[in-house]
Amino acid sequence: MATVWAIGDIQGCDTELAALLDLIQQKQGEQPYKLWFCGDLINRGPDSVKVLRRIKNLKNAQTVLGNHDLFLLACATGVREQKRGDTLDQILYAPDASELIAWLRRQPLAVVEHHHLMVHAGLHPFWDVQQALRLANEVEQFLQSDQWEENLKNLWGNIPSRFEEHLTGLPRLRSIVNIFSRMRFCSLDGTQDFKNKESVDRTIPGFMPWFEVPGRRTASIVTLFGHWSTLGLVNRPNLIGLDTGCVWGGKLTACRLHSDWTQREFVQIKSTCAVPRL
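Quick note on our numbering: the sequence shown kicks off at 6 and runs consecutively.
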């Protein structure tokens, strides 16, 4: 497969991102490569606008939307308000804000290539790859439509907590968004637990990590995800978790993908910031 480096949640840590990209470039030399970003490019860290500009200007980059990226879209349209710890004003009041927002809302929720599937948070255990891509496209078409601002506020909320194919309209889109951008724990039938953000040793009875559900239909493809900083780095034959908590004082991680999982390469940059957890 063509060389792909996948990078975990950045959340506005531009100093670390610049250092990581330099390290990747040194390793690649003159060899071409792609960069994949697992979403949550922005928010909470000190340099969100720099991160957004940097990735937007890369010619070899692909990102998926994370919950913080979607939150920026909502704040930009006035349907959501920032809370303590959010750092989006530098984007919202930037001279190129409209250009950055327009670029961001055209990014996908899922990317697949060379037997690797990238999402921000997780997948419904009953979805296969084609269904996941089809459902992601439903939201992408909404965000890229001329009417995207009118109903954006209706994409927020915890109901329904379980996706069902018969859902229609905004409840359907909300459920899809919640799975791709907020999933951590779910039950055997795919019902999401929206409250628990802890590591797997703090699981509530009846729930489990989405990737541990027996019979998960995307288990045959390598799935990359971020979002879950308390989980840390995950490296399994069919699973790569890349959120290593850079914004919280951890590390920013990149993985060179490989068809043989034992040949993957990981590189990390230690965080220079440590934002207090709220």
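Where is the CB? At the ideal position from N, CA and C, for every residue including glycine. All figures in this text were calculated on a predicted structure; none of them were measured in a lab.
Bridge-paired residues (DSSP) for residue i
i: Val9; result: Lys39
i: Pro214; result: Phe190
i: Thr223; result: In the DSSP output, where bridge partners are listed per residue, Thr223 has none listed.
i: Val272; result: Ala259
i: Thr277; result: Its beta-bridge partners do not exist; DSSP assigns none.
i: Leu122; result: Val117, Thr228
i: Val239; result: Gly246
i: Asp198; result: Phe190
i: Ala294; result: Examination of residue 294 is not possible in this model, given that the chain is present from 6 through 283 alone.
Cut-off 6 Å between Cβ atoms - residues of its own chain near residue i, not counting five sequence neighbours on either side
i: Arg221; result: Pro130
i: Ala99; result: Val54
i: Leu28; result: Val272
i: Pro216; result: Note that residue 216 corresponds to Phe in the displayed sequence, not to Pro. Here the set comprises Leu244.
i: Leu25; result: Leu257, Ala259, Ile274
i: Gln149; result: Arg111
i: Asp206; result: none
i: Ser166; result: Thr196, Gln197
i: Glu270; result: Arg261
i: Phe212; result: Phe190, Ser192, Asp198
Residue i burial status per 10 Å Cβ neighbour count (16 or more: buried)
i: Ile164; result: exposed
i: Pro219; result: exposed
i: Lys200; result: exposed
i: Leu193; result: exposed
i: Asn159; result: exposed
i: Glu21; result: buried
i: Gly71; result: buried
i: His119; result: exposed
i: Ala286; result: Any question about residue 286 goes unanswered here, given that the chain covers just 6 to 283.
i: Arg139; result: exposed
i: Asp19; result: buried
i: Gln31; result: exposed
i: Asn48; result: buried
i: Arg110; result: buried
i: Gln197; result: buried
i: Gln112; result: buried
i: Gly34; result: exposed
i: Gln268; result: exposed
i: Gln36; result: exposed
Residues of its chain near residue i, where Cβ-Cβ distance is below 7 Å and the 5 sequence neighbours each way are ignored
i: Thr82; result: Glu154, Leu157
i: Lys256; result: Thr249, Gln273, Ile274, Lys275, Ser276
i: Phe185; result: Leu114, Ala115, Val124, His125, Ala126, Ala141
i: Phe147; result: Trp153, Leu178
i: Arg282; result: Trp253
i: Lys61; result: Leu105, Trp108
i: Glu203; result: Thr235
Beta-carbon separation (whole angstroms), residue i vs residue j, contact threshold 8 Å
i: Gly2; j: Trp233; result: No statement about residue 2 is possible, as the shown extent of the chain runs from 6 to 283 and does not include it.
i: Arg284; j: Gly162; result: This structure does not reach residue 284, given that the chain is present from 6 up to 283, and the question cannot be answered.
i: Cys278; j: Pro51; result: 6 Å
i: Gly231; j: Gly13; result: 5 Å
i: Thr68; j: Leu97; result: Not really, about 19 Å apart at Cβ, beyond 8 Å.
i: Phe190; j: Pro214; result: 6 Å
i: His121; j: Leu236; result: With 8 Å as the limit, His121 and Leu236 do not qualify as a contact, their Cβ atoms being about 19 Å apart.
i: Cys260; j: Ala66; result: With 8 Å as the limit, Cys260 and Ala66 do not qualify as a contact, their Cβ atoms being about 15 Å apart.
i: Val134; j: Thr208; result: Actually they are not in contact, since the Cβ atoms of Val134 and Thr208 sit about 26 Å apart, beyond 8 Å.
Residue i at chain E interface by Cβ criterion, 7 Å
i: Gln16; result: Considering every chain present, this structure includes no chain E. It has just one protein chain.
Cut-off 8 Å between Cβ atoms - residues of its own chain near residue i, not counting five sequence neighbours on either side
i: Ser225; result: Asn243
i: Leu75; result: Leu160, Val182, Ser186
i: Ala102; result: Ala81, Ile96
i: Lys39; result: Ala7, Thr8, Val9, Trp10, Asn65, Ala66, Gln67
i: Leu63; result: Leu40
i: Val227; result: His120, His121, Leu122, Pro242, Asn243, Leu244, Ile245, Leu262, Trp266
- Message: Taking contact to mean 3 or more Cβ pairs, one atom from each stretch, closer than 8 Å, check whether the region 118-128 and the region 76-92 are in contact.
- Response: no
- Message: With three or more beta-carbon pairs closer than 8 Å as the criterion, would you say the region 168-179 touches the region 91-108?
- Response: Counting Cβ pairs under 8 Å, fewer than three are found: no touch.
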